[in-house]
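Shown next, in structure tokens, is the structure this report addresses.
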Ligand code: SAM
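Residue numbers (the numbering used here): 72 to 361.
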């Protein structure tokens, strides 16, 4: 990866008329060069920048020589703080940033945006870096359909349940993950979906960027031997053919038997599933006798 951009002088920025409103603005996810010229112009012209952590945003602004008024704001901020920010956005450009990447993507902002829209304040988005999208773009997994599922739960049982809920989703699954939890998640994925292709995208846009692909079991083995550091996006390819859902015909027959006799129940299930009616009738008789 290329090193950080070292320029402190702003490049020539696009003209921007400072229209009042709330600007949801993406910041870099590692490499400070990953910010658009329009984003810099908006930051420079903002009356107020609402941010998760004033130190983190302060560093970015200092790098680009931008001076601005900062206001700490996350989803736990009291409603009156959000109301003040929204009031200000009626009269001047107010920017929302998070520590890194696109606000609202596993980051604060949802409440503020919702309330600003409800208050009739102009809301717009200044696009830029997002770790989930960067990881998807480089992992080589199907990208026509993907489901961003945020962070998996930390506890084993809840993680397992979340994964099981996603089992039938015919899309690449994208998770945010932490280094200490990666191996456990990979082991859980390996147990559930041994054949799926998995990717671990780590430290994107930074010096030690890597994107490693393989089965979850192979990746779990790798990271057990080489404990990962840094920030991680975990991607899981869509279901393979070997995972074709097994039809629970007993459950279907039982439901049909609650409404009708074995003959009719077998007919209904045969029509719905394409399974041979005689086989279903024999099983319906067995179930009725149980
Ligand atoms: N809003 C951010 C975005 O647009 O990507 C995500 C914020 S979320 C609190 C932080 C998580 O995003 C990290 O734990 C990691 O899973 C992922 N992430 C952020 N930066 C990353 C990077 N440079 N490389 C890999 N993953 C990253």
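We put the CB at the ideal spot given by N, CA and C, even for glycine.
Remember, it's a predicted structure, so these values are computed and weren't measured experimentally.
Query                                                                                                                                                                                        : Result
Do three or more CB pairs link the stretch 136 to 147 to the stretch 82 to 95 at distances below 8 Å?                                                                                        : no
Hey, how far is the Cα of residue 149 from the Cα of residue 319?                                                                                                                            : 49 Å
On the CB-based measure, 16 or more other CB atoms within 10 Å of its CB, does residue 72 come out buried or exposed?                                                                        : Any reading at residue 72 must be qualified, since the residue scores a pLDDT of 41, below 50, and its modelled position is unreliable; no value is offered.
Taking residue 169 as the reference, which of 181, 162 and 349 has the closest Cα?                                                                                                           : 181
Just to confirm, are residue 363 and residue 184 a CB contact at a threshold of 7 Å?                                                                                                         : No statement about residue 363 is possible, as the shown extent of the chain runs from 72 to 361 and does not include it.
Run through DSSP, which three-state label would residue 267 get?                                                                                                                             : coil
Check each candidate in 247, 253, 153 and 291 and name the one with the smallest Cα separation from residue 265.                                                                             : 291
Alpha carbon to alpha carbon, how far is residue 118 from residue 157? Give it in angstroms, no decimals.                                                                                    : 12 Å
Short check: CB of residue 273 to CB of residue 303, under 7 Å?                                                                                                                              : yes
Among the residues of its own chain, which have a CB less than 8 Å from the CB of residue 361, if the five just before and after it don't count?                                             : none
When the Cα atoms are used, what is the spatial distance from residue 90 to residue 226?                                                                                                     : 46 Å
Give every residue of the same chain whose Cβ lies closer than 6 Å to the Cβ of residue 327, excluding the five residues on either side of it in the sequence, and list them in chain order. : 336, 339 and 340
Note down, in chain order, each residue of its chain lying with its Cβ closer than 8 Å to the Cβ of residue 221, except the 5 sequence neighbours on either side.                            : 177, 246 and 247
Given the structure, does residue 302 come close to the ligand SAM, in the sense that its CB is under 6 Å from one of the ligand's heavy atoms?                                              : yes
Among residues of its own chain, excluding the 5 on either side of residue 254, which ones have a beta-carbon nearer than 7 Å to its beta-carbon?                                            : 291, 294 and 295
Could you have a look at residue 196 and say whether DSSP puts it in helix, strand or coil?                                                                                                  : strand
Could you spell out the range, first to last residue, of the beta strand (DSSP E) harbouring residue 164?                                                                                    : 164 to 167
Short check: CB of residue 108 to CB of residue 197, under 7 Å?                                                                                                                              : no
Taking 6 Å as the line, does the beta carbon of residue 178 fall inside it for any heavy atom of the ligand SAM?                                                                             : yes
Within the continuous beta strand (DSSP E) that includes residue 243, where are the two ends?                                                                                                : 243 to 249
Out of curiosity, what's the CA-to-CA distance linking residue 334 and residue 352?                                                                                                          : 6 Å
In the structure shown, what three-state DSSP assignment does residue 204 receive?                                                                                                           : helix
Threshold first: 3 residues or longer. Then list the beta strand (DSSP E) segments lying entirely within the stretch 85 to 146, N to C.                                                      : 92 to 96, 119 to 122 and 141 to 143
Taking the alpha-carbon positions, what's the residue 140 to residue 122 distance?                                                                                                           : 10 Å
Thinking residue 124 and residue 276 are a contact (beta carbons under 8 Å), I'd like their distance in whole angstroms, please.                                                             : The pair is not a contact, with the Cβ atoms about 19 Å apart (cut-off 8 Å).
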